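For the sequence shown, full-length UniProt numbering begins at 1 and goes up steadily by one.
Ideal Cβ positions, reconstructed from N, Cα and C, are used throughout, including at glycine.
Because the structure is a prediction, the values reported are computed rather than measured.
Note sheet for the following structure.
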Amino acid sequence: MHETESMSSRVPDMTASQEPSYDLLVVGGGMVGAALARACSGKGLRIAVIETRAPQRDWPASEIDLRVSALSRASQRILARLGAWERIAALGANPYRKMCVWDALGGGSIHFDAQSLGEPDLGHIVENRVIQLALWEALESSPDIRLVCPAAIVEIERTETESRVVLGDGQVIAGRLLVAADGRDSLVRELSGIETEGRDYDQRAIVANVLPQEWHQETAWQRFLPTGPLALLPLADGRCSIVWSATDERAAELLAMGDAAFSAALTDASEARLGALVVEGPRAAFPLRLQHAKQYVLAGLALVGDAAHAVHPLAGQGVNLGFLDAAELAAAIDLALERGRDIAGLWALRHYERARRGDNTAMLAAMDLIKRTFSNEVSPIAAVRSIGLTLTDRIGPLKALFMERALGLGSDLPPLARPL
Numbered sequence: 001m002h003e004t005e006s007m008s009s010r011v012p013d014m015t016a017s018q019e020p021s022y023d024l025l026v027v028g029g030g031m032v033g034a035a036l037a038r039a040c041s042g043k044g045l046r047i048a049v050i051e052t053r054a055p056q057r058d059w060p061a062s063e064i065d066l067r068v069s070a071l072s073r074a075s076q077r078i079l080a081r082l083g084a085w086e087r088i089a090a091l092g093a094n095p096y097r098k099m100c101v102w103d104a105l106g107g108g109s110i111h112f113d114a115q116s117l118g119e120p121d122l123g124h125i126v127e128n129r130v131i132q133l134a135l136w137e138a139l140e141s142s143p144d145i146r147l148v149c150p151a152a153i154v155e156i157e158r159t160e161t162e163s164r165v166v167l168g169d170g171q172v173i174a175g176r177l178l179v180a181a182d183g184r185d186s187l188v189r190e191l192s193g194i195e196t197e198g199r200d201y202d203q204r205a206i207v208a209n210v211l212p213q214e215w216h217q218e219t220a221w222q223r224f225l226p227t228g229p230l231a232l233l234p235l236a237d238g239r240c241s242i243v244w245s246a247t248d249e250r251a252a253e254l255l256a257m258g259d260a261a262f263s264a265a266l267t268d269a270s271e272a273r274l275g276a277l278v279v280e281g282p283r284a285a286f287p288l289r290l291q292h293a294k295q296y297v298l299a300g301l302a303l304v305g306d307a308a309h310a311v312h313p314l315a316g317q318g319v320n321l322g323f324l325d326a327a328e329l330a331a332a333i334d335l336a337l338e339r340g341r342d343i344a345g346l347w348a349l350r351h352y353e354r355a356r357r358g359d360n361t362a363m364l365a366a367m368d369l370i371k372r373t374f375s376n377e378v379s380p381i382a383a384v385r386s387i388g389l390t391l392t393d394r395i396g397p398l399k400a401l402f403m404e405r406a407l408g409l410g411s412d413l414p415p416l417a418r419p420l
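Below, the structure written as structure tokens:
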């Protein structure tokens, strides 16, 4: 069903004269918000998702989205359980089986291979629009979910028992549990008075698609440069998606270049590991920031995904952390329903916050440390970090531990992310 504004008839206990009221009100129907809503479907809850715009439904066969995600095994399991993975695979999900990381200054390197872990791959590179469309279609097939789209929030009124969201067209929607899944610059978080801590990296990530002279070998390549890391992510048609993080000054220089000059700079930055790289199509850039909400929950409110935390893209963990947030919040809601507790109460919501805040804090700190360490040009530090990379590459159990953590193979995962 593609008409999203006329779906209120699905929701019980509502008439035209009543203010719509829901058990779960998700603001943001992007990847993480849609995953959460779908995870909570079928539990007897009345659910609404408010989104500013519906996803793109079709595109030229040869066109690749500028924004892609490196989905972990845990994220794949979550999406499979939500009924979205089969559709994602049909639209295009390219596995990567190896990873090669090396330092531009010190020369140290580390290599990961799925075969050494007994795994078929290390993850999948998927266009963001593919993930969002598959999840959106899953929401459209869920009779207990109303999609309010397009819609913009102008005000939020919160009381002890509910939140009332005022939309730009004057419509008011109320919900017991309000979830902010509206991104890094979350309006819900701001209007709810939750502060963040962190800092701007004074870097921008340039994204584009490139055609390498040589086959990418189903390998994710990453080189740490003093001005920021460059990642080459393998796509199914032989091209690579790039994420080139650079200082604001260097990013401005790169964006001002013509295609030929940019391609030459990119080839040089990659040490021509895949031969000459030729940019195809447009380039875009977005500013990078370390950001963490000081709290994830209030009574009747929870933050998930980028609304709760923003991480440097050097390890591609942003959306994977968000999917784990969604899975853990869904698990906390399940527990509350099982115990007869209020899904919007702090008893339930603090289960979610305890489960995710510590792990997210550790990941943000690790990414920040790596970013700081590899952007340092002091020779002794460059030498030490390269030695560290090389030693880690040679210590099998340590390297396996890193990869298992990144893949989402641990035993402490929420039910949705555990092995099928």
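Per DSSP, reduced to three states, the secondary structure at Q132 is helical. The stretch 47 to 66 and the stretch 76 to 88 do not touch, with fewer than three beta-carbon pairs separated by less than 8 Å. Within 10 angstroms of the beta-carbon of V26 lie 16 or more other beta-carbons, which makes it buried.
Here G183 is actually not in contact with V130; their C-beta atoms are around 19 Å apart, not less than 8 Å. H312 is classed as buried because its beta carbon has at least 16 other beta carbons within 10 Å across all chains shown. Per DSSP, the continuous alpha helix (DSSP H) segment holding S263 begins and ends at D259 to A269. W102 counts as buried, since no fewer than 16 other beta carbons sit within 10 angstroms of its beta carbon. DSSP links H124 through a beta bridge to L71 and P95.
Taking C-beta separations shorter than 6 Å and ignoring five residues to either side along the sequence, the partners of R176 in its chain run D23, E162 and A344, following chain order. With fewer than 16 other Cβ atoms from the protein chains shown falling within 10 Å of its own Cβ, I387 counts as exposed.
Excluding sequence positions up to five before and after P287, its CB lies within less than 6 Å of the CB of R204, all in the same chain and listed in chain order. At the C-beta level, L420 and A80 come within 8 Å of one another. Around the beta carbon of A256, fewer than 16 other beta carbons sit within 10 angstroms, so the residue counts as exposed. Between the alpha carbons of A285 and W244 lies a distance of about 9 Å. Here the alpha carbons of E328 and R354 stand approximately 10 Å from one another. Annotated three-state conformation of E338 is helix, per DSSP. Short of 7 Å from the beta carbon of L235, and not among the five residues preceding or following it, lie these beta carbons of its own chain, in chain order: I64, N94, I125 and S241. Within the same chain, V207 and A284 come within 6 Å of L66 by CB-CB distance, once the 5 residues on both sides are set aside. Cβ-Cβ separation between A181 and G33: approximately 3 Å, consistent with a contact (criterion under 8 Å). In the DSSP assignment, the residues bridged to G228 are L225.
Distances from the alpha-carbon of I156 to those of G193, L122, I145 and L135 put G193 closest.
Under the DSSP assignment, A180 falls in the beta strand (DSSP E) whose first and last residues are V172 to A180. Annotated as proximal: A246 and G228, with beta-carbon spacing under 8 Å.
Contact annotation: the stretch 141 to 155 does not touch the stretch 266 to 279, with fewer than three C-beta pairs closer than 8 Å. Annotation: the stretch 236 to 320 contains the following complete segments of the alpha helix (DSSP H) (minimum length 4 residues), in chain order: 248 to 256 and 259 to 269. Secondary structure in the stretch 26 to 66: the beta strand (DSSP E) runs of 3 residues or longer, each lying completely within the stretch, are 47 to 50 in chain order. Beyond the five residues adjoining it in sequence on each side, L82 comes within less than 8 Å, by CB distance, of A35, R38, A39, L135, A138 and L416 in the same chain, given in chain order. Taking the C-beta atoms as reference points, L122 is found no nearer than 8 Å to V210. When DSSP reads this structure, Q203 sits in a beta bridge with T247. Per DSSP, E157 is one residue of the beta strand (DSSP E) stretching across I153 to R158. In the DSSP secondary-structure assignment, D103 is bridged to F224. The Cβ neighbour count for P282, taken over all protein chains shown within 10 Å, is under 16; the residue is labelled exposed. When only Cα atoms are considered, M31 and Q132 end up about 5 Å apart. Per DSSP, the beta-bridge partners of L147 are V49. P120 is classed as exposed because its beta carbon has fewer than 16 other beta carbons within 10 Å across all chains shown. The Cβ atoms of A74 and L321 lie no closer than 8 Å to each other.
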